[in-house]
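J.: Here you go, one structure.
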Amino acid sequence: MPSSLPIADSALLDREQLLQQARERAGLSDFGDLWFIEPMDRYIEASNREGRLTPAGVASMTEVVVKGLVSRLRMVEDIKRHPEILDEKVEVAGIILGLPRTGSTIFQRLLASAPGMTGLRWYEAQNVAPFPGEDRGNPVERRAYAQAMIDGWLQLSPELASIHPLDPDAPDEEILVLGQMFVSTMIEGMNFVPSFARWLNGYDQSRGHEDLKTILQYLQWQDPSRRGAKWILKSPSNLPYVEVAAKAFPNALLIMTHRDPVETVPSYISMQAALYKLSATVSDRDVSGFWFPRLAEWMRMFEAARERIGEDRFIDISYKDVGKDPMNQAQRVLSRIGIPVDDRLEAALTEFLAGNKREQRPMHDYSLERFGLDEEEIKQAFAAYRQRYIV
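Here my numbering is used: the first residue of the sequence shown is 346, the next is one more, and so on.
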C-alpha cells in the first residue's frame, strides 16, 4: 500500500548491495533457497519509503540485514560440510505467545532453566552461525558481539534497561532469527514500516518456520549438550500468526500469557518508542497511532485462529499468578510437557528466581497520557479478550 511519505532520491537500502556485502564478509556465495528475496524486497521498499531512518539507523539496519545473510551463508556451507546437522532430533515442547508485556520473557527463561529444557539464546539469535575459527561450544566472539550490541543500545536508549532484560546468554525470541529472513514482526518492531506489516498479514510465513527448524538443528549440533532437551520458544508475534507456529511444531504446547491490555498496550508502545529511537525519528503519537490498532488487530487474528486450532493445544497463564506464585505456574506448564516435578526441578527454578527478581532492574515508567491513549478506548478495543481472560 503506498505511503504519503516521499521516497528518497536514492534508496537507503539496496538488495544487491546487501547481498554482496554478505558474500564479501563471509567469503561465500550460496544462500541456499532464495525464497526470502520476496519479503526482503518488500521490507527494503517499506523501509526506504516510511522508515525515517537516521544515518546511524541506515548503518544499523544494514548491519542487521548483512549479519543475518552472513549467518545464512555460513549455515548453508556448514550443512554441506556436515550433513549430519540435518539428522539432529529437535523437540519443540512449548511455544509462549500472548500480547507483548505479559511477562512472557521472564516466564520463558524460568521454564528454560528447568532440567531437560533449553531455549534460543540471545547471542545465538544475533548470529546463528559460528564465527570463523570459533571453537565448537565456545562462542566467545559471538557473545562479545551480542554484549557490544546491548551496550550500544543502552547508550542510545537507556530506558531499555527497565523495559526488557537484555542478557547475551539468556533465552529470547525466535523472531530475532525469523526477522533476518524478513518474516516476523521483529521487522516492524525495529523499523517503522506500517505498509510491510500490512503486507505480512497476507504472506505465507511457513517457509521461515521451516528454516527455523533447520536453525534449531544447527544450534543443537553446535552444542551437543542440548541433545534430548526440550526447546521452549517464545514470541508475542506468535499471537497473530499462531497457526504458522502451531503447524510447524505440531507437538508443542501453546502457552498463552495474560495481562490487562490497559497495562500492556502503553507499556509496549513505550518499548517501541525506545526501540525506534535507536535508528529513526518517529514521534510518540506516530508510534501509538500504529501500534494501538496493530495490537488490537493481533488479538482479533489470534481469537479466530484459536478456535480453529482447538483448546487442547493451549494452556493459559496469568501475569498476576506468575507474580504471586511463579513456581506453581512453571510446574503447571512443565508437567504438561513431560518434565518431572521433583526436588531437582524445584531447586533449579528456585535458583533462577533468586537471581532474576524484577526489583533487580530499574522500574519501567510509562503512561497513557504520553502516547495520547485513552483507557476506555483500550478496554473497548480488547473487550472480548478482557471479558474472557482478565475481568
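Note that beta-carbon positions come from the ideal geometry of N, C-alpha and C, so glycine has one too.
Are the CB atoms of ALA371 and VAL437 within a distance shorter than 7 Å?
T.: Not closer than 7 Å, so no.
J.: Taking buried to mean at least 16 other C-beta atoms within 10 Å of its own C-beta, is GLU714 buried or exposed?
T.: Exposed, by the Cβ-count rule.
J.: Tell me whether ILE520 sits in a helix, a strand or coil according to DSSP, three-state version.
T.: Helix, per DSSP.
J.: Should SER355 go down as buried or exposed, given a rule of 16 or more other Cβ atoms within 10 Å for buried?
T.: Because SER355 carries a pLDDT of 45, less than 50, the predicted location of this residue cannot be relied on, and the following value inherits that uncertainty. Flag for SER355 reads exposed.
J.: Can you list, in chain order, the residues of its chain with a C-beta nearer than 7 Å to that of ILE735? Leave out the 5 residues immediately preceding and following it.
T.: Contacts found: HIS603, ASP605.
J.: Which runs of the alpha helix (DSSP H) fall wholly inside the segment 582-632 and span at least 4 residues, in chain order?
T.: As far as the segment 582-632 is concerned, its whole alpha helix (DSSP H) runs of at least 4 residues are 587-593, 606-621.
J.: Tell me which same chain residues have a C-beta within less than 7 Å of the C-beta of ILE520, skipping the five on either side of it?
T.: Closer than 7 Å at the Cβ level, and outside the excluded window around ILE520, lie SER529, THR530, MET531, SER580, SER582.
J.: Between which two residues does the beta strand (DSSP E) containing LEU414 stretch?
T.: Run containing LEU414: none in the beta strand (DSSP E); it sits in the alpha helix (DSSP H), 400-426.
J.: Taking the beta carbon of GLN705 as the centre, do at least 16 other beta carbons fall within 10 Å, making it buried, or is it exposed?
T.: For GLN705, the predicted structure reports a pLDDT of 48, less than 50, and the residue's modelled location is therefore unreliable. A value from the coordinates is still provided. Counting Cβ neighbours within 10 Å, GLN705 comes out exposed, since fewer than 16 surround it.
J.: For the alpha helix (DSSP H) holding GLY478, just list the boundary residues, first then last.
T.: Looking at the DSSP string, GLY478 is not in any alpha helix (DSSP H), and its letter there is neither H nor E.
J.: In angstroms with no decimal places, state the Cα-to-Cα distance between ASN472 and LYS412.
T.: Looking at the two C-alpha atoms, the distance is approximately 7 Å.
J.: Identify whether ASP496 lies in helix, strand or coil by the three-state DSSP scheme.
T.: It is helical.
J.: Return helix, strand or coil for LYS434, following the three-state DSSP convention.
T.: Coil at LYS434, not helix or strand.
J.: From the DSSP output, in three-state form, read off ASN483 for me.
T.: Strand.
J.: Are PRO513 and ARG543 touching if we call contact CB-CB under 7 Å?
T.: Their beta carbons are not under 7 Å apart, which means PRO513 does not touch ARG543 by this criterion.
J.: Return the CA-CA distance between GLU429 and ALA649, expressed in angstroms with no decimal places.
T.: Approximately 40 Å between the Cα atoms of the pair.
J.: Would you kindly report the start and end of the unbroken alpha helix (DSSP H) that includes TRP467?
T.: Looking at the DSSP string, the run of the alpha helix (DSSP H) that includes TRP467 is 467-471.
J.: Just list the residues that DSSP pairs TRP576 with in beta bridges.
T.: Per DSSP, VAL437, THR463.
J.: If I measure Cβ to Cβ from THR399 and keep anything under 8 Å in the same chain, skipping five residues before and after, which residues do I get?
T.: The answer, listed in chain order, is SER624, ALA625, THR626.
J.: Per DSSP, what kind of secondary structure is ASP549 in: helix, strand or coil?
T.: In this structure, ASP549 counts as coil in the three-state DSSP scheme.
J.: With DSSP as the reference, please indicate the residues paired to GLN663 in a beta bridge.
T.: A quick correction: the sequence has Ser, not Gln, at residue 663. HIS603.
J.: Look at the alpha carbon of TYR711 and the alpha carbon of ASP549, and state the distance between them as a whole number of angstroms.
T.: One C-alpha to the other measures close to 35 Å.
J.: Flag this pair as yes or no: are the beta carbons of ALA618 and ASP631 separated by less than 7 Å?
T.: Contact: no.
J.: Go to ILE532, then tell me how far its alpha helix (DSSP H) extends in each direction, as first and last residue.
T.: Here the alpha helix (DSSP H) through ILE532 covers 531-535.
J.: Any contact of the segment 649-662 with the segment 589-601, i.e. 3+ C-beta pairs under 8 Å?
T.: The segment 649-662, when compared against the segment 589-601, does touch it at the 8 Å Cβ threshold.
J.: What are the boundary residues of the alpha helix (DSSP H) that includes ASP688?
T.: Per DSSP, ASP688 belongs to the alpha helix (DSSP H) from 688-699.
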